[in-house]
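Presented below is the structure to which this report refers.
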Amino acid sequence: MDDGYAVSAPLSLEVSGLRYTYPDGHEALTGVDLRIAQGERVALLGPNGAGKTTLVLHLNGILRGSAGSVRVGGLPVVPENYVEIRRRVGIVFQDPDDQLFMPTVAEDVAFGPANLGLRGAELAARVDEALEAVGMSQYRDRAPHHLSFGQRRRVAVATVLAMRPEILVLDEPSSNLDPASRRELATILRGLPVTLLMVTHDLPYALELCHRSVVMDQGRIVADAPTRQLLADTDLLARHRLELPYGFAPIQLPQ
Amino acid sequence: MSMGAGHAHPLYLDRASPIHRLPPEVKIVASVAYTVVVVITSRDAFWAFGCYALLILGVAALARIPPGWLASRALIEVPFVVFALLLPLVGGGERVTWLGLSLSVEGLLGAWNILIKGTLGVVSSLVLAATTPARDLIIGLDRLRCPAVIIQIATFMLRYTAVLVDEARRMRIARLSRGYNPRFLWQARALAAGVGSLFLRSYERGERVYLAMLSRGYTGRMPRLDTGGASAAQWASALTLPVAAALVAATALLQG
Numbered sequence: 001m002d003d004g005y006a007v008s009a010p011l012s013l014e015v016s017g018l019r020y021t022y023p024d025g026h027e028a029l030t031g032v033d034l035r036i037a038q039g040e041r042v043a044l045l046g047p048n049g050a051g052k053t054t055l056v057l058h059l060n061g062i063l064r065g066s067a068g069s070v071r072v073g074g075l076p077v078v079p080e081n082y083v084e085i086r087r088r089v090g091i092v093f094q095d096p097d098d099q100l101f102m103p104t105v106a107e108d109v110a111f112g113p114a115n116l117g118l119r120g121a122e123l124a125a126r127v128d129e130a131l132e133a134v135g136m137s138q139y140r141d142r143a144p145h146h147l148s149f150g151q152r153r154r155v156a157v158a159t160v161l162a163m164r165p166e167i168l169v170l171d172e173p174s175s176n177l178d179p180a181s182r183r184e185l186a187t188i189l190r191g192l193p194v195t196l197l198m199v200t201h202d203l204p205y206a207l208e209l210c211h212r213s214v215v216m217d218q219g220r221i222v223a224d225a226p227t228r229q230l231l232a233d234t235d236l237l238a239r240h241r242l243e244l245p246y247g248f249a250p251i252q253l254p255q
Numbered sequence: 001m002s003m004g005a006g007h008a009h010p011l012y013l014d015r016a017s018p019i020h021r022l023p024p025e026v027k028i029v030a031s032v033a034y035t036v037v038v039v040i041t042s043r044d045a046f047w048a049f050g051c052y053a054l055l056i057l058g059v060a061a062l063a064r065i066p067p068g069w070l071a072s073r074a075l076i077e078v079p080f081v082v083f084a085l086l087l088p089l090v091g092g093g094e095r096v097t098w099l100g101l102s103l104s105v106e107g108l109l110g111a112w113n114i115l116i117k118g119t120l121g122v123v124s125s126l127v128l129a130a131t132t133p134a135r136d137l138i139i140g141l142d143r144l145r146c147p148a149v150i151i152q153i154a155t156f157m158l159r160y161t162a163v164l165v166d167e168a169r170r171m172r173i174a175r176l177s178r179g180y181n182p183r184f185l186w187q188a189r190a191l192a193a194g195v196g197s198l199f200l201r202s203y204e205r206g207e208r209v210y211l212a213m214l215s216r217g218y219t220g221r222m223p224r225l226d227t228g229g230a231s232a233a234q235w236a237s238a239l240t241l242p243v244a245a246a247l248v249a250a251t252a253l254l255q256g
């Protein structure tokens, strides 16, 4: 499991022994351990129902584990710290229509930093900066339902970037995107100077963006390795219902 | 419909005019105050209603709203005032004969009262709607200290109506694609089930939106971003309308 990242870089995310049981008795997390260093880009892979989204909701305290702990940039995720934790952890949900709930793009991007107490020129600068980072500056006064799906997803990324997060967590960032939007989003994500955790079924996208991948199954982390190496392990992939697209062989790709 | 305005509703007319440029809250107050003055004026002061009509049509002209546009939209009041047309026929008291019809004077006055006040009220709302996009109306109500819960509900409606309509449209296409073509009442079951599942989907979306809000630091209170507001000069220019109407009303009162 030693992946060579246990160097001196400070940790953005530290999850230890995290367990969670849903009220109906279903055990979603059965002891998750995960460390992500500052500036890393990590893909979180696994079949449906593995507990990936449940884990994501623990990172900012929406769900609270029955055992174990989560730390973000050293700060424990406990109710006293929720304001700061929710600034540090930027979650981009799968459906941009859930994430963009304000009438215009600019108001939506302003929502997060405004909750942090920013106002006036400082707030406007944050909004401009975040929209600029995803190439959506010219759409600031548009209504979200007048944007294409790919544009809405980029604005969704901007809404959390505006909070200057320590770690950006994306739930299925490439889902429902056409190939061009998918590539544009990859370019944007690669250029962001933040730690990135990406939940995805899109294995080529994981390979393209993340040097390291972790595989989750039945509520725990079952593999943690460089993405290229992991995707070449056909037995491992088969065991955890992961499949590469037809004709795709990561070994043939340039390093 | 202009795309740039974002929330142009069907009654909005995208024009460059001094009325369009006024802040929304002063227009809301002016429109409501004007309507109140019109409503409290005695129905016998016929000339006063002429002045009111000139005032609101003057504002409409300033806002560059075509009279034909106003007239056709004002027809919305027809279902509400149709019974007023019956009053002269069924009213009691003194009667006059007109074109062979025996009409009640009391009924005529009653019908006039409803028609003129209704029409002026509708025209005043139309002028407000034609010059103010939906988003600005909500901002205006917020600045007028309308309760925060109402403002939040209206804001979410503005955002999610289009999403909901889209969802309903997709469900309709899915029904039609599977050969559903209701011609009889008992075939409406699938439609009812559709409405039910649309409700459930919206409910679930509401939960997901709430999670997304929490994740961005929502603590139960929407941040007040709006620091703008109308200047004294803007209030003064907008309130010219109700003040002029009030002067007319006062004169009518003194004469009557």
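The listed protein sequences correspond, in order, to chains A and B.
In terms of my numbering, the first sequence has 192 at position 192, counting the first letter as 1, and numbering is strictly consecutive.
In terms of my numbering, the second sequence has 20 at position 20, counting the first letter as 1, and numbering is strictly consecutive.
Backbone N, C-alpha and C fix where the C-beta goes; we use that ideal spot for every residue, glycine too.
Only a predicted model underlies this, so the values are computations on that prediction, with no experimental measurement involved.
Could you tell me which of the options sits nearest to residue i, measuring between CA atoms?
{"i": "A37(A)", "options": "L244(A), A180(A), S181(A) and L168(A)", "result": "L168(A)"}
{"i": "K52(A)", "options": "L100(A), A225(A), R190(A) and D171(A)", "result": "D171(A)"}
{"i": "V155(A)", "options": "A106(A), L177(A), R88(A) and D178(A)", "result": "A106(A)"}
{"i": "V42(A)", "options": "Y205(A), R239(A), G247(A) and Y246(A)", "result": "Y205(A)"}
{"i": "A129(B)", "options": "R189(B), P10(B), G256(B) and A193(B)", "result": "P10(B)"}
{"i": "R205(B)", "options": "L161(A), C210(A), D98(A) and L192(A)", "result": "D98(A)"}
{"i": "F149(A)", "options": "A162(A), L197(A), Q94(A) and N60(A)", "result": "Q94(A)"}
{"i": "T132(B)", "options": "W186(B), L198(B), T251(B) and I28(B)", "result": "I28(B)"}
{"i": "R221(B)", "options": "L75(B), A148(B) and I40(B)", "result": "A148(B)"}
{"i": "P24(B)", "options": "A230(B), L247(B) and A249(B)", "result": "A230(B)"}
{"i": "G247(A)", "options": "H58(A), S137(A) and L203(A)", "result": "L203(A)"}
{"i": "R21(B)", "options": "K117(B), W235(B) and L247(B)", "result": "W235(B)"}
{"i": "G68(A)", "options": "P173(A), S16(A) and P23(A)", "result": "S16(A)"}
{"i": "V70(A)", "options": "R119(A), P113(A) and Y20(A)", "result": "Y20(A)"}
{"i": "H240(A)", "options": "L45(A), P144(A) and A249(A)", "result": "L45(A)"}
{"i": "I85(A)", "options": "D108(A), V214(A) and E166(A)", "result": "E166(A)"}
{"i": "L75(B)", "options": "A84(B), V122(B) and Y218(B)", "result": "V122(B)"}
{"i": "M163(A)", "options": "R119(A), R190(A), P179(A) and P113(A)", "result": "P113(A)"}
{"i": "P79(A)", "options": "S66(A), I91(A), P96(A) and G61(A)", "result": "G61(A)"}
{"i": "P226(A)", "options": "T234(A), R212(A) and L244(A)", "result": "R212(A)"}
My understanding is that residue i touches residue j, with C-beta atoms under 8 Å, so please give their C-beta distance in whole angstroms.
{"i": "F101(A)", "j": "R159(B)", "result": "6 Å"}
{"i": "L70(B)", "j": "A61(B)", "result": "At roughly 10 Å, the Cβ-Cβ gap does not stay under 8 Å, so L70(B) and A61(B) are not in contact."}
{"i": "R88(A)", "j": "G73(A)", "result": "6 Å"}
{"i": "G256(B)", "j": "S42(B)", "result": "6 Å"}
{"i": "I151(B)", "j": "L141(B)", "result": "6 Å"}
{"i": "Y34(B)", "j": "S124(B)", "result": "5 Å"}
{"i": "L87(B)", "j": "G68(B)", "result": "That belief does not hold up - the Cβ atoms of L87(B) and G68(B) are roughly 29 Å apart, past 8 Å."}
{"i": "L185(A)", "j": "L177(A)", "result": "7 Å"}
How far does the alpha helix (DSSP H) with residue i in it reach, from first residue to last?
{"i": "M157(B)", "result": "A148 to S177"}
{"i": "D157(A)", "result": "A small fix is needed here, since residue 157(A) is Val in this sequence, not Asp. Counting along the chain, the alpha helix (DSSP H) containing V157(A) begins and ends at F149 to L161."}
{"i": "I114(B)", "result": "V105 to T131"}
{"i": "V81(B)", "result": "V78 to V81"}
{"i": "S231(B)", "result": "Neither: S231(B) is in no alpha helix (DSSP H) and is coded neither H nor E."}
{"i": "Y20(A)", "result": "Here Y20(A) belongs to no alpha helix (DSSP H); instead the beta strand (DSSP E) covers L11 to T21."}
{"i": "L68(A)", "result": "According to the sequence provided, residue 68(A) is Gly. The question's Leu does not apply to it. G68(A) -> not in any alpha helix (DSSP H); beta strand (DSSP E) instead, spanning A67 to V72."}
{"i": "L87(B)", "result": "L87 to V90"}
Cβ closer than 7 Å: which chain B residues qualify as neighbours of residue i?
{"i": "D97(A)", "result": "V163"}
{"i": "N48(A)", "result": "Neighbours of N48(A) on chain B: none; closest Cβ ~17 Å, over 7 Å."}
{"i": "H145(A)", "result": "A162 and V163"}
Within the continuous beta strand (DSSP E) that includes residue i, where are the two ends?
{"i": "I62(A)", "result": "Premise fails: I62(A) is in no beta strand (DSSP E) and is neither H nor E."}
{"i": "W98(B)", "result": "R95 to W98"}
{"i": "A37(A)", "result": "E27 to A37"}
{"i": "V42(A)", "result": "R41 to L45"}
{"i": "A225(A)", "result": "R220 to P226"}
{"i": "G217(B)", "result": "It is not in any beta strand (DSSP E) - G217(B) carries neither H nor E in the DSSP assignment."}
{"i": "D217(A)", "result": "R212 to D217"}
{"i": "T195(A)", "result": "T195 to V199"}
In chain B, which residues lie with their C-beta within 8 Å of the C-beta of residue i?
{"i": "G112(A)", "result": "R216 and G217"}
{"i": "L116(A)", "result": "G217"}
{"i": "T195(A)", "result": "Here the premise fails: no neighbours, minimum Cβ distance about 17 Å."}
{"i": "M102(A)", "result": "T155 and R159"}
{"i": "R87(A)", "result": "G217"}
Please list, in chain order, the chain B residues whose beta carbon lies closer than 9 Å to that of residue i.
{"i": "M163(A)", "result": "R216 and G217"}
{"i": "F93(A)", "result": "R208, L211, A212 and S215"}
Could you tell me which chain A residues have their CB closer than 7 Å to the CB of residue i, listed as they occur along the chain?
{"i": "P10(B)", "result": "Result: empty, since nearest Cβ-Cβ is about 15 Å, beyond 7 Å."}
{"i": "P88(B)", "result": "Those do not exist, as P88(B) stays about 47 Å from chain A at its closest Cβ, beyond 7 Å."}
Which bits of chain E does residue i rub up against, with CB to CB less than 9 Å?
{"i": "T54(A)", "result": "Reference to chain E is not applicable here, since the protein chains of this structure are A and B."}
TODO: Using a Cβ-Cβ cut-off of less than 7 Å, give me the residues of the segment 72 to 85 of chain A that come near chain B, in sequence order.
DONE: From the segment 72 to 85 of chain A, only V83 have a Cβ closer than 7 Å to chain B.
Open item on the list: Which residues of the segment 165 to 176 of chain A have a Cβ closer than 7 Å to any Cβ of chain B? Give them in chain order.
Closed with: Listed in sequence order: no entries.
TODO: Using a Cβ-Cβ cut-off of less than 9 Å, list which residues of the segment 115 to 146 of chain B approach chain A; keep chain order.
DONE: Listed by position, the residues of the segment 115 to 146 of chain B near chain A (Cβ gap below 9 Å) are A134, R135 and I138.
Task: Members of the segment 186 to 217 of chain B near chain A, C-beta cut-off 8 Å - done: Answer in chain order: R205, R208, V209, L211, A212, M213, L214, S215, R216 and G217.
Open item on the list: Taking beta-carbon pairs under 8 Å, can you tell me which members of the segment 174 to 186 of chain B lie near chain A?
Closed with: Cβ contacts with chain A come from no residue of the segment 174 to 186 of chain B.
TODO: Taking only beta carbons into account, state which residues of the segment 149 to 160 of chain A come closer than 8 Å to chain B, listed in chain order.
DONE: Listed by position along the chain: T159 and V160.
- [ ] Would you list, in chain order, the members of the segment 147 to 160 of chain B that have their beta-carbon closer than 7 Å to a beta-carbon of chain A?
- [x] The residues in question are T155, F156, L158 and R159.
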